[in-house]
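Mind the numbering: the sequence shown is residues 15 to 456 in our numbering, read in order. For every residue, glycine included, the Cβ atom is placed at its ideal position computed from N, Cα and C. Here the structure is a predicted model, which is why all the values come from computation and not from measurement.
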Amino acid sequence: MKTKDLIAMAVRNLLSRKLRTFLTILGVVIGTTAIIVMLSLGIGMTESVVAMYSSWGDLTSLEVYSGWDEKTGKELKLDDKLVKKLEEIPNVKAVSPTLSKYVTFRVGRMEANLNLVGVKPELMEDLDLEVDKGRTLKNNDEFNLVFGSETKNYFHNPKSRSYTQKEVDVMKGSMEMAIAKETFMDYGMGGAYSLESADKDADTFPVKVVGVLKSGSNMESGGSAYMNFDYMVKFLKDLESKKPSDRQDKDIGKYYSGVKIKANEMEDIKDIKKIVDDMGYYSFGLTSMIDEMKDQMKIFQAIFGGIGAISLLVAAIGITNTMIMSIYERTREIGVMKVIGASIKDIQRLFLVEAAFIGLLGGIFGVLLSYAFSFLLNVVLGSAMTMGMGMGMGDTATKISIIPIWLVLVALAFSASIGLISGYFPARRAMKLSALDAIRTE
15 MKTKDLIAMA
25 VRNLLSRKLR
35 TFLTILGVVI
45 GTTAIIVMLS
55 LGIGMTESVV
65 AMYSSWGDLT
75 SLEVYSGWDE
85 KTGKELKLDD
95 KLVKKLEEIP
105 NVKAVSPTLS
115 KYVTFRVGRM
125 EANLNLVGVK
135 PELMEDLDLE
145 VDKGRTLKNN
155 DEFNLVFGSE
165 TKNYFHNPKS
175 RSYTQKEVDV
185 MKGSMEMAIA
195 KETFMDYGMG
205 GAYSLESADK
215 DADTFPVKVV
225 GVLKSGSNME
235 SGGSAYMNFD
245 YMVKFLKDLE
255 SKKPSDRQDK
265 DIGKYYSGVK
275 IKANEMEDIK
285 DIKKIVDDMG
295 YYSFGLTSMI
305 DEMKDQMKIF
315 QAIFGGIGAI
325 SLLVAAIGIT
335 NTMIMSIYER
345 TREIGVMKVI
355 GASIKDIQRL
365 FLVEAAFIGL
375 LGGIFGVLLS
385 YAFSFLLNVV
395 LGSAMTMGMG
405 MGMGDTATKI
415 SIIPIWLVLV
425 ALAFSASIGL
435 ISGYFPARRA
445 MKLSALDAIR
455 TE
């Protein structure tokens with residue numbers, strides 16, 4: 015029997031019992047939709063978490079802080095020797111020592127408390143610190159700074175009765191930087207930052223903002239101000255020299271607040287982190303949090319997929335039942351086909367094609383219905399999550415359901431396979447029917 019004749023006969027047989035065929039296909043549609051939607055929720059939540067963490071920081075970077083040598087019992091601080099060792103690690107794109115100091119910037123009556131970060135100008139591009147306005151830092155810059163994209167929104171009037179932030183054009187007008195006189199640097203295990211005393215008396219310095227970073231950068235860089243690293247070391251040393259000798263911080267310039275490692279790819283962070291941790295230092299990267307979250311999401315996806323698989327199992331039983339009933343109804347027809355020359359393989363193929371059609375059609379309509387459900391979930395629940403949890407990126411609503419093309423293809427192949435498997439035993443039953451006994455059947 016030719017393939018086109020086989021397909022035509024299979025379609026005709028399915029259409030002869032429209033209601034039964036429809037109900038059987040509906041079972042496959044429900045099962046396919048359940049699996050796709052359940053898995054799409056897991057994929058969507060994973061993507062949302064990655065997007066949320068991406069807004070918090072750079073996924074290809076690793077922050078290194080001081081650690082502890084278990085053999086000697088001494089604290090491992092961050093110095094130039096460590097920087098050179100880190101630069102030799104495979105797949106490391108750049109290593110930048112940093113100094114951090116919280117200072118106050120004033121523009122007229124407005125002021126903002128920002129984290130002043132020392133960074134080497136030649137490493138700004140490697141650290142993805144790209145400017146939107148103005149220019150990047152240069153090696154001869156002193157009080158020329160680069161501000162993060164969100165710093166303009168951090169300014170407020172300290173004398174106002176209500177704390178209201180107001181947008182300020184940081185590149186226009188005069189600006190000064192105020193630093194409390196009683197500060198000291200902490201190079202301890204939790205990361206090293208300058209700590210302000212309660213002394214309200216402060217030194218002030220005129221500064222100029224020569225550049226603003228591109229918007230869309232992570233929250234870490236978006237809310238910081240950047241200064242030439244070498245000059246910041248000199249600047250902090252000069253401040254310390256004005257203090258009594260017994261209160262001066264001798265470690266400025268010798269040890270660093272932190273060291274930032276920039277990897278070539280996000281996938282390299284895991285191996286780099288292991289090397290750093292084995293050296294005894296503490297390291298932190300957002301990718302480790304993402305990996306943990308992905309592992310949890312895989313468990314949820316397995317649970318969701320299992321729930322959907324139960325529906326598809328019920329649909330498979332329905333296909334088997336439909337095909338068995340079809341054999342009982344068409345026993346005489348099967349006998350006639352065998353008598354006029356149809357091979358047992360043709361009989362088997364006919365029932366397998368019918369079962370596969372049921373599975374494939376159910377899969378196609380299930381995919382279409384899944385897209386509709388996914389759209390509704392994203393519109394209703396995605397928008398609610400964006401407003402309620404602040405997980406949306408920019409003005410885009412959070413997508414809690416994502417259906418990738420591979421999931422569609424797998425679902426179609428799986429539903430068609432379910433049809434074939436469900437129709438296999440009924441097809442074998444039809445093959446084994448005796449032609450004479452089948453013809454005698456009323």
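Closest residue to A239 among L300, Y177, M293 and K166 (Cα-Cα distance): K166
Burial state of A316, where buried means 16 or more other Cβ atoms lie within 10 Å: exposed
Cβ neighbour criterion (16 or more within 10 Å) applied to F365: buried
Identity of the residues DSSP links to L130 by a beta bridge: K115 and A239
Distance between S110 and V97 (C-alpha atoms, nearest Å): Separation of V97 and S110 (C-alpha to C-alpha, rounded to the nearest whole angstrom) is 8 Å.
Contact under 8 Å by Cβ, A370 with M337: no
Member of G225, D244, D360 and R443 whose CA lies at the smallest distance from the CA of I341: Cα-wise, what sits closest to I341 is R443.
Candidates N171, N158, A194 and E102, of which the one nearest Y116 by Cα: A194
Through-space distance from E190 to F249, alpha-carbon basis: Per the coordinates, the alpha-carbon of F249 lies some 15 Å from the alpha-carbon of E190.
Touch test, the stretch 81 to 93 against the stretch 288 to 299, Cβ-Cβ under 8 Å, three pairs minimum: Touching, yes, given that three or more Cβ pairs across the two stretches are closer than 8 Å.
Three-state class that DSSP yields for K147 in the structure shown: Of the three classes helix, strand and coil, the one that applies to K147 here is strand, per DSSP.
Whole runs of the beta strand (DSSP E) within the stretch 66 to 94, excluding any shorter than 3 residues: 75 to 79, 81 to 83 and 88 to 90
Simplified DSSP state of E281, which is helix, strand or coil: helix
Neighbourhood of I275 by C-beta, 7 Å cutoff - its chain only, sequence neighbours within 5 removed: S75, L76, V78, L100, V106, V109 and I286
Supposed contact pair V226 and G148 - C-beta distance, whole angstroms, cut 8 Å: About 6 Å; that satisfies the 8 Å criterion.
Of the residues D309, A441, F36 and L327, the one placed nearest I361, counting alpha carbons only: A441
Top-ranked residue by Cα proximity to E281, from F169, P104 and F119: P104
Beta strand (DSSP E) runs wholly inside the stretch 321 to 364, at least 3 long, in chain order: none
For I193, the residue or residues it bridges with in DSSP: D217
DSSP state of G272 mapped onto helix, strand, coil: Secondary structure at G272: strand, using DSSP grouped into helix, strand and coil.
Burial state of R363 (16 or more Cβ within 10 Å): buried
Same chain only: Cβ atoms within 7 Å of G58, ignoring 5 sequence neighbours per side: K413, I414, S415 and I416
Exposure of A425, with buried meaning 16 or more beta-carbon neighbours within 10 Å: buried
Whole-angstrom distance between T60 and V121, CA atom to CA atom: In this structure, the straight-line span from the alpha carbon of V121 to that of T60 is close to 42 Å.
Classification of G87 by the beta-carbon crowding that lies within 10 angstroms, buried from 16 upward: G87 should be labelled exposed.
T17 burial status per 10 Å Cβ neighbour count (16 or more: buried): exposed
Simplified DSSP state of V51, which is helix, strand or coil: In the structure shown, V51 falls within a helical segment according to DSSP collapsed to helix, strand and coil.
Where the alpha helix (DSSP H) containing S30 begins and where it ends: T17 to S30
Through-space distance from T150 to N242, alpha-carbon basis: 10 Å
Cβ-based burial, T178 [other Cβ within 10 Å; buried from 16]: exposed
Range covered by the beta strand (DSSP E) that runs through N171: Taken as a continuous stretch (DSSP letters only), N171 belongs to no beta strand (DSSP E), as it is neither H nor E.
Collapsed DSSP secondary structure at R123 in the structure displayed: coil
Alpha-carbon to alpha-carbon, G236 and F161: For F161 and G236, the distance between alpha carbons rounds to 8 Å.
Integer-rounded CB distance, given that I333 should sit under 8 Å from G373: In this structure G373 touches I333 by the C-beta definition: roughly 7 Å separates them, less than 8 Å.
A126 versus V184 - alpha carbon distance: Between A126 and V184, the alpha-carbon positions lie close to 11 Å from each other.
Through-space distance from D291 to G437, alpha-carbon basis: 56 Å
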